[in-house]
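Our numbering puts the first residue of the sequence shown at 2, with every later residue one more than the last.
Note sheet for the following structure.
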Amino acid sequence: MNRNDTAQAVGAKLVRVGGDVSNDVSGYNWEVNATHLGDHGDFHNAPFGSGDPGAAANTVLDIADANGGGAMLVVPIGGWVAADSIEDDVRDTPDTLNERFRLNVAVKGSSFANPPDTSDDTVYQDEFVDSVRLAAEPSGTPVVFALDNHASLWSYEFSLIHPDKPGYDDVVEPGIEFATAIKDAFPDAEVAGPAEYGWQGYIDLQGSEDYETEGDFLEYYLTRMATAEADYGARLLDYLDVHWWPEAGACRKRIIVETSEPAIAEARMQAPRSLWDPTYVEDSWVAALRPINLISKMNERIDNAYPGTKLAFSAWYYGGGSDISGAIAAADVLGIFGREGIGLASVSLPDEAPYVTAAFQAFLNYDGAGAHFGDTSVASTTDDLEGASAYASIESGAPTQLVIVLMNKRNAIRPTTINIDSATSYGTSLVYELTDEGPTVVAVDSLSATSDNTFSYEMPPISIAVIVPQLAP
């Protein structure tokens, strides 16, 4: 989760550096905790919290530690990062690059300093990684470093740092260099890349001419990383990291807009099927009348080019943060990611997204006292794929501790029969609901089994339910 306040509130197990400048990390200078906002930020530099070295990273590490989870931080891999946090147009400064930016280098080649030397006009990323190691190791907080962000858009979003449109090797070669520096400085850390923004970035790096000779960008990226690993002698890239803001929509609007219009809400609730359903065709230019089946397509790339790499969605969002349809979509995505074995995922929330936050609470803290969905997926099915979703889990250390999350996507009460195929006998079930009456998961009347391990439940319209079967006496 990219928002520190929300991540802390819901107990997110992955906290990603972000907030208001979550996409403005390509120019991040950890030494002065400042970043460059680029073309879309009026070419300003800006603070990334306090001015203390690595403060943004330390905040994320503290929240991850408190939540018992991990931290995801970003390492810029371009040649320049912000020199200061002065919020003016850096183009007004003569000799802009030398005066308002600092060289960004993978390897220092000498002893690390703590605090870092801010007078040498160079920012060393292995020194940053080592500072993170020193902060994370005492508590054992897992750390993942992302290799920059949205490389295919560099020349559009950060034209002072990246004036030329990147080709494949403009991303791959520094990626290998900085990944190697990260692993040398913090061997227990993991590395994720290339953090591409969307479909066209996956395919051809947003129109790179290299597509004609090298083919699919992500497969090329994985192939080169696999070769580099063989040279390095240890795993170099742990996650194939992609971002996913669906292009699906209705009425010429994407579902990621903050609206509750019925047609958009319906498309939003169906859109998660494009992650996995080989029969579902969404309304978008990406689908082009074909199923997207995104997770399977990504796993094929991994299997072909760099087996053993995990799949990550380190930024995703389906819109509707203040609407029950947004909660349904987010909860469905969480269930899919768990069932499909995604290595890590982090939602990118806007300032206000109470219903999506509540969807996380349905999985992470449905009773308000820390009760949560389990760590082991259990097979679950529904007879209405368009109108309902179902996910189930047990806890690895407590195999009879069953938690079921159901979603009703229909605007009508859904008579629901829950059949539990288990040698364990369950007599009653606690029930928690999230409905359009408010963005809070609330406890409602419990259920009693109507026969062996069978429960009947009248599910409210467009709602999420957490069903927690209790052992029979």
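By construction, the Cβ of each residue, glycine as well, lies at the ideal position given by its N, Cα and C atoms.
Checklist entry - In chain order, what residues of the same chain have a beta carbon less than 6 Å from the beta carbon of Thr451, not counting five sequence neighbours either side? => result Ser457
Item to check | Residues of its chain near Pro416, where Cβ-Cβ distance is below 7 Å and the 5 sequence neighbours each way are ignored | outcome: Glu459
Checklist entry - Between the region 120 to 136 and the region 207 to 217, are three or more C-beta pairs nearer than 8 Å? => result no
Checklist entry - Would DSSP call Pro440 helix, strand or coil? => result strand
Checklist entry - Would you call the region 315 to 322 and the region 330 to 350 touching, i.e. three or more CB-CB distances under 8 Å? => result yes
Next on the checklist: My output table needs one value for Phe218: the three-state DSSP class, helix, strand or coil.
Outcome noted: helix
Item to check | Close-in-space but distant-in-sequence residues of the same chain around Trp200 (CB under 8 Å, 5 per side omitted) | outcome: Glu248 and Val287
Checklist entry - Residues in its own chain within less than 6 Å of Phe187 by CB, not counting five upstream and five downstream? => result Val130 and Arg134
Checklist entry - Is the Cβ-Cβ distance between Ala65 and Val16 less than 7 Å? => result yes
Item to check | Same chain, Cβ closer than 6 Å to Pro54, neighbours up to 5 away in sequence not counted | outcome: Glu32, Pro116 and Pro117
Item to check | Contact belief for Ile414 with Pro462 at Cβ below 8 Å, rounded distance in angstroms | outcome: 6 Å
Checklist entry - Counting Cβ pairs closer than 8 Å, one from the region 361 to 370 and one from the region 297 to 311, do we hit at least three? => result no
Next on the checklist: Do Met2 and Ala8 count as a contact pair if the criterion is CB distance below 7 Å?
Outcome noted: yes
Next on the checklist: Here's the rule I'm using: 16 or more other beta-carbon atoms within 10 Å means buried, otherwise exposed. How should Asp453 be labelled?
Outcome noted: exposed
Checklist entry - What are the partner residues of Phe456, as DSSP defines its beta bridges? => result Ile419
Item to check | Proximity below 7 Å, CB of Ile183 to CB of Phe159 | outcome: no
Checklist entry - Comparing alpha-carbon positions, which option in Thr280, Ser430 and Tyr203 lies nearest Tyr222? => result Tyr203
Item to check | Three-state class that DSSP yields for Val22 in the structure shown | outcome: Confidence at Val22 is low in this model, with a pLDDT of 49, below 50, so its placement is unreliable and the value that follows should be read with caution. Looking at Val22 - three-state DSSP - the assignment turns out to be helix.
Next on the checklist: Which of the three DSSP states is assigned to Ala399 in this structure?
Outcome noted: strand
Checklist entry - When the distance is taken between beta carbons, is Val18 closer than 7 Å to Val108? => result no
Checklist entry - Thinking just about the alpha-carbon of each residue, which of Ile293, Tyr319 and Asp242 is nearest to the one in Ala266? => result Tyr319
Checklist entry - Run through DSSP, which three-state label would Gln126 get? => result helix
Item to check | Integer Cβ distance of Ala196 from His151, believed to fall under 8 Å | outcome: 7 Å
Checklist entry - Whose C-beta lies closer than 7 Å to the C-beta of Thr142 among residues of the same chain, with five residues either side of it excluded? => result Leu62, Ala65, Asp66, Gly71 and Ala72
Item to check | Of the residues Ala190, Arg225, Tyr157 and Trp245, the one placed nearest Gly208, counting alpha carbons only | outcome: Tyr157
Checklist entry - Going straight from the alpha carbon of Val173 to that of Ala251, what length do you get? => result 36 Å
Checklist entry - What is the DSSP secondary structure of Ala370, reduced to helix, strand or coil? => result coil
Checklist entry - Count the other CB atoms within 10 Å of the CB of Arg269; is the residue buried (16 or more) or exposed (fewer)? => result buried
Checklist entry - Are the Cβ atoms of Asp25 and Thr36 separated by less than 7 Å? => result yes
Checklist entry - Apart from the five residues just before and just after Thr455, which ones in its own chain have a Cβ nearer than 6 Å to its Cβ? => result Asn420
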